[in-house]
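K.L.:
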Amino acid sequence: MCATYAKKSHRIDQISELIGQKFGAIIREYLELPPGALVTITTVRVSKDLRHARVGLSVFPLEKSPAIFSLISRNLKHLQFILHKGLTLKFSPA
């Protein structure tokens, strides 16, 4: 693990919530998910220095998970770019 992840603080919680909301909206808007698939942001962990974040995803139905995770992996850099454009922070987590 590259960075130490923050213990709970109000600022980190706010940024985690913001990243989760924005990343969920980006996935819905920019990715063509298979019909009947549902992707949910379950967790967002942000490092103390706000330079790194880990986003947990849940996929329903489970059979579509490999295809959806592959789709997200192929488009991850573009999704991060869109997320960074939408955040007004000194550092945008990677």
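Every letter in the sequence shown is one number past the one before it in this note's numbering, and letter 49, counting from 1, is 52.
Every residue gets a Cβ at the ideal spot worked out from N, C-alpha and C, and that includes glycine.
If you reduce the DSSP assignment to three classes, tell me which class Arg-77 lands in.
P.N.:
Residue 77 sits at position 74 when you count from the first residue of the sequence shown. Note: Arg-77 maps to helix in three-state DSSP.
K.L.:
With DSSP as the reference, label Gly-89 as helix, strand or coil.
P.N.:
On the sequence shown, position 86 is the one that residue 89 refers to. Helix, per DSSP.
K.L.:
Can you find the residues in the same chain that come closer than 6 Å, C-beta to C-beta, to Thr-45, ignoring five residues on each side of it along the sequence?
P.N.:
Counting from 1 along the sequence shown, the entry for residue 45 is found at position 42. Excluding residues within five positions, the ones whose Cβ falls inside 6 Å are Gly-59 and Ser-61.
K.L.:
Just list the residues that DSSP pairs Arg-57 with in beta bridges.
P.N.:
Within the sequence shown, residue 57 is the residue found at index 54, counting from 1. Answer is Arg-48, bridged to Arg-57.
K.L.:
Would you report the Cα separation of Leu-79 and Lys-51, rounded to the nearest angstrom?
P.N.:
Here residue 79 is taken as the residue at index 76 of the sequence shown, counted from 1. Here residue 51 is taken as the residue at index 48 of the sequence shown, counted from 1. Their Cα atoms are separated by approximately 23 Å.
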